[in-house]
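Since the structure comes first, as structure tokens, the remarks are kept for the end.
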DNA sequence: ATAGGGTTAG
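Numbering (the UniProt record's numbering), first residue to last: 1 to 671.
Structure, rendered in structure tokens:
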């Protein structure tokens with residue numbers, strides 16, 4: 001028997017020709033794998049002539065009505081099937097235009113089966129498709145996410161053009177196979193094909209992550225030499241590359257260099273700032289660009305909402321929400337997810353839940369965002385209830401983030417036992433990958449419950465090497481429970497792992513200071529000096545009208561600083577009568593007591609609170625935001641102010657909300 | 001024919 005390509009016998013081709021008159025017997029899926037070899041066969045048997053000429057009217061190009069997203073699928077499916085049948089009937093009379101029309105419809109309908117039938121038909125009838133049609137097929141397969149079939153088609157193409165390369169690269173990128181996309185790009189360059197603006201725009205999105213960024217830089221230098229440096233699509237992709245690598249100034253330079261701007265490039269730069277936590281900059285840029293007439297769409301609003309969540313800028317957020325309601329954007333799930341997040345982070349769970357309840361479609365992110373809202377507010381029971389609802393509804397399955405959120409919700413909400421039970425239940429299930437973060441939550445839970453022996457044992461037995469986050473959780477628990485022995489272990493491990501993180505030194509100092517171990521405090525402080533570690537400066541802010549007032553520790557920058565600091569004094573004097581005793585041990589500087597108290601009164605959250613007491617009308621809650629965790633003394637201070645003045649105070653710190661009503665905080669004094 | 005920006009957790 002004669003072999004073709006060492007794999008397929010001629011008998012195979014004979015069989016194909018045999019069935020070409022009986023199209024229904026064809027099984028395109030099975031033939032798909034062999035079709036590549038078919039194209040490599042330069043000389044095949046001569047095409048058959050149709051046994052009976054087809055009526056002239058059937059020889060016209062297959063025509064489809066214009067595709068509209070609203071047309072019922074079953075209806076257009078019928079049309080496609082009909083056309084596919086006609087293809088079989090026509091046999092050898094299929095022309096380029098017919099295949100083209102058919103493939104277009106297959107792409108529109110994402111019909112993998114249709115594409116396979118078309119390809120099989122080409123094979124049977126010895127039609128050698130031009131590059132154009134092969135590329136259409138590749139695009140179809142990529143759209144249907146059968147990457148291997150697309151790649152096989154691509155590899156076996158006798159000649160490839162720029163579009164085929166670009167399509168293939170884009171397919172890999174969209175499915176997250178970044179290194180394959182990059183390697184294909186390199187191959188393309190080596191084969192002497194020069195990229196166009198489409199190729200550059202798509203390949204840059206493959207350069208995510210730390211290792212990809214170096215490729216991105218190199219591609220940038222290619223772009224500079226190309227005519228596409230200032231192309232809008234290429235530019236957006238490029239600025240996004242820099243923003244995601246944390247180089248926001250480079251991103252901004254690219255943005256400013258673009259001769260024209262559109263929704264995408266503007267959104268890309270705004271979200272670049274927002275994703276790096278430069279929320280204020282993101283908001284300022286958004287406002288500027290809007291004044292300059294920037295077009296916005298749902299992605300723009302989603303991005304700006306991220307920044308507003310970070311700032312807890314409720315008034316702005318509500319304004320964006322209002323705008324969304326008035327526009328045609330209210331059907332986008334991602335936008336609603338962002339709104340849920342924004343309202344929870346602004347402290348308004350009622351609004352967040354209302355949006356969640358009204359959503360026509362929810363994704364796992366919607367659930368996670370809502371759960372995270374309850375979690376940050378210390379509402380452990382609501383977290384567990386909503387999680388149970390999610391399980392009962394059984395429409396969306398929880399993912400790793402869901403479990404992480406639920407566990408940390410139990411920890412924040414003082415539901416240690418529920419959390420531990422849920423962890424055991426989850427650990428037995430497959431389908432969700434338990435990462436070290438989940439184990440970190442359990443350490444949190446055990447730490448909160450004060451079970452240090454169990455926590456240490458758990459760390460020893462878990463299937464991961466403990467990382468800084470694990471030791472950090474344990475150290476945090478030690479600070480609250482004043483457990484010096486375990487704290488020393490955790491603290492030393494942590495300092496060894498993250499010698500550059502100033503926050504760790506500070507927590508350890510506070511632990512030692514709380515037990516009066518000043519010798520140890522000094523040692524840690526010296527170590528900190530030695531390594532020249534800096535602590536992130538604390539700042540607090542409060543939204544008044546639509547203005548954000550920001551205060552730094554011992555601030556002298558706010559225009560009303562005199563008024564504010566004398567108000568802090570006044571509050572302090574008044575609550576002292578109700579039992580406020582400044583926690584001088586939390587001042588780690590070696591100064592006299594009076595100086596220590598003055599430093600405590602200069603903490604940014606006290607300034608913001610005093611500012612709120614002056615300016616927020618009676619009966620309204622005072623909402624304060626802080627970039628770090630709140631300190632014990634400020635927590636006491638706020639509780640007593642709330643009690644003595646009968647004010648509701650909420651403080652959102654780095655990790656959670658503290659809702660203080662009548663001197664009682666929702667965190668139950670554990671954070 | 002092929003192209004750019006987006007949401008949750010710690």
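Glycine included, C-beta positions come from ideal geometry on N, C-alpha and C.
Rounding to the nearest angstrom, what Cα-Cα distance links residue i and residue j in this structure?
| i | j | result |
| --- | --- | --- |
| residue 246 | residue 282 | 14 angstroms |
| residue 483 | residue 511 | 8 angstroms |
| residue 325 | residue 348 | 18 angstroms |
| residue 489 | residue 528 | 18 angstroms |
| residue 338 | residue 390 | 19 angstroms |
| residue 117 | residue 148 | 17 angstroms |
| residue 718 | residue 105 | It is not possible to answer for residue 718, since the shown part of the chain is limited to 1 through 671. |
| residue 242 | residue 468 | 28 angstroms |
| residue 124 | residue 400 | 48 angstroms |
| residue 460 | residue 371 | 30 angstroms |
| residue 112 | residue 103 | 10 angstroms |
| residue 298 | residue 365 | 17 angstroms |
| residue 142 | residue 150 | 6 angstroms |
| residue 569 | residue 429 | 56 angstroms |
| residue 211 | residue 184 | 17 angstroms |
| residue 163 | residue 217 | 23 angstroms |
| residue 328 | residue 360 | 15 angstroms |
| residue 507 | residue 661 | 27 angstroms |
| residue 597 | residue 485 | 29 angstroms |
| residue 495 | residue 173 | 39 angstroms |
| residue 336 | residue 395 | 18 angstroms |
| residue 384 | residue 319 | 32 angstroms |
| residue 285 | residue 609 | 28 angstroms |
| residue 40 | residue 121 | Residue placement at residue 40 is flagged as unreliable, the pLDDT there being 32, under the threshold of 50; the coordinate-derived value follows with that caveat. Taking the straight line from one Cα to the other gives about 17 angstroms. |
| residue 90 | residue 99 | 12 angstroms |
| residue 264 | residue 159 | 34 angstroms |
Apart from the five residues on each side of it in sequence, which residues of its chain come closer than 6 angstroms, Cβ to Cβ, to residue i?
| i | result |
| --- | --- |
| residue 303 | 267, 270, 271 and 274 |
| residue 300 | 267 |
| residue 627 | 539 |
| residue 450 | 481 |
| residue 499 | 531 |
| residue 382 | 374 |
| residue 653 | 626, 629 and 630 |
| residue 612 | 542 and 622 |
| residue 251 | 239, 242, 243 and 272 |
For the beta strand (DSSP E) holding residue i, just list the boundary residues, first then last.
| i | result |
| --- | --- |
| residue 540 | 539 to 544 |
May I ask you to list the residues that DSSP assigns as paired with residue i?
| i | result |
| --- | --- |
| residue 550 | 541 |
Just reading off the alpha helix (DSSP H) that residue i is part of, what are its end residues?
| i | result |
| --- | --- |
| residue 461 | 452 to 461 |
| residue 464 | It is not in any alpha helix (DSSP H) - residue 464 carries neither H nor E in the DSSP assignment. |
| residue 230 | Run containing residue 230: none; DSSP gives neither H nor E here. |
| residue 501 | Residue 501 -> no alpha helix (DSSP H), and no H or E assigned at all. |
| residue 424 | 416 to 428 |
| residue 529 | 518 to 530 |
| residue 373 | 364 to 376 |
| residue 272 | 263 to 275 |
| residue 201 | 197 to 204 |
| residue 319 | 314 to 326 |
| residue 304 | 298 to 311 |
| residue 340 | 333 to 345 |
| residue 285 | 279 to 291 |
| residue 433 | Residue 433 -> no alpha helix (DSSP H), and no H or E assigned at all. |
| residue 560 | Looking at the DSSP string, residue 560 is not in any alpha helix (DSSP H), and its letter there is neither H nor E. |
| residue 106 | 96 to 109 |
Between residue i and the rest of its own chain, which residues show a CB-CB distance below 7 angstroms, the 5 nearest in sequence each way excluded?
| i | result |
| --- | --- |
| residue 95 | none |
| residue 175 | 145 and 147 |
| residue 448 | 411, 416, 477 and 670 |
| residue 248 | 272, 273, 276 and 278 |
| residue 229 | 223 |
| residue 474 | 443, 447, 455, 486 and 490 |
With a CB to CB cut of under 8 angstroms and the five nearest residues on each side skipped, what residues in its chain are close to residue i?
| i | result |
| --- | --- |
| residue 426 | 403, 432, 434 and 438 |
| residue 646 | 662 |
| residue 169 | 181, 184, 185, 188, 199, 202, 203 and 206 |
| residue 405 | 368, 371, 372, 375 and 383 |
Taking 7 angstroms as the cut-off, is the C-beta of residue i nearer than that to any heavy atom in the ligand FMN?
| i | result |
| --- | --- |
| residue 325 | In terms of ligand content, the structure shown is empty, and the ligand FMN therefore cannot be addressed. |
Q) Curious, which full-length beta strand (DSSP E) runs of at least 3 residues does the UniProt repeat "PPR" (161 to 195) contain? A) none
Q: Write down every uninterrupted run of the beta strand (DSSP E) in the UniProt domain "DYW" (579 to 671) whose length is 3 residues or greater and which is fully enclosed by it, in chain order.
A: 622 to 626, 649 to 652 and 657 to 661
Q: Would you list, in sequence order, the uninterrupted alpha helix (DSSP H) runs of no fewer than 4 residues that lie entirely inside the region 378 to 412?
A: 380 to 393 and 400 to 412
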